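Peer 1:
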Amino acid sequence: MSLRSLALLSLCVVLAACSKINQENYSRLKSGMSKAEVEQLLGTPTECSGALGMTSCTWGDQQSFISVQYAADKVLMYSGQGLQ
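FYI, in mature numbering (1 follows the signal peptide of the UniProt record, and there is no 0) the residues of the sequence shown are -16 to -1, 1 to 68.
1) What do you reckon, are the CB atoms on Gly27 and Lys4 nearer than 8 Å?
2) CB Ser15 to CB Leu60, shorter than 8 Å?
3) Just to confirm my understanding: we take Leu13, look at its own chain, exclude 5 residues before and 5 after, and list those with CB closer than 6 Å. What are they?
4) Beta-carbon within less than 8 Å of Gln67's beta-carbon, same chain only, minus the 5 sequence neighbours each way: which residues are those?
5) Indicate, with yes or no, if the ligand ATP has a heavy atom lying under 7 Å from the CB of Gln24.
6) Using three-state DSSP, classify Lys58 as helix, strand or coil.
7) Helix, strand or coil: how does DSSP classify Gln7 here?
If you want it as C-alpha cells, here you go:
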C-alpha cells in the first residue's frame, strides 16, 4: 500500500470517528429544543424540507442518520438509525 493510500485511509477513519451523528448526541436531543440548539449539537443538516410551519431535517446518510421534525422551529419528534 502506498503512503498516499495509507494517509487517505487514516483520514477517513479519523473523520468517521469525529462524526456528530452518534448515539451520544442523539441522547442529548429533547422535545422543545430550538432549531439553533439542535444545529449547535449536530451541525448543519444534510437536508431539510417543510411546509405550513412544519420542518423535517436529516443529518447523515441512508445507513446512519438522525431525523428531527420541528413545529415552529421547536423539536416535536426525532428518530435515529444505525447510530453507534
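We put the CB at the ideal spot given by N, CA and C, even for glycine.
None of these values were measured; they are calculated from a predicted model.
Peer 2: In this structure, then:
1) Your numbering for residue 27 matches position 43 in the sequence shown. Your numbering for residue 4 matches position 20 in the sequence shown. Cβ distance < 8 Å, so Gly27 and Lys4 count as in contact.
2) The residue given as residue 15 occupies position 31 in the sequence shown. The residue given as residue 60 occupies position 76 in the sequence shown. Contact: yes.
3) As a working mapping, residue 13 is identified with position 29 in the sequence shown. The answer, listed in chain order, is Tyr62.
4) Here the question's residue 67 lines up with position 83 in the sequence shown. Checking the sequence, you will find Leu at residue 67 rather than Gln. Cβ within range, chain order: Ile5, Asn6, Gln7, Tyr10, Ser48 and Ile50.
5) The ligand ATP is absent from the structure shown, which contains no ligand whatsoever.
6) For this step, residue 58 is matched to residue 74 along the sequence shown. Correct three-state label for Lys58: strand.
7) If you number the sequence shown from 1, residue 7 lands on position 23. Note: Gln7 maps to helix in three-state DSSP.
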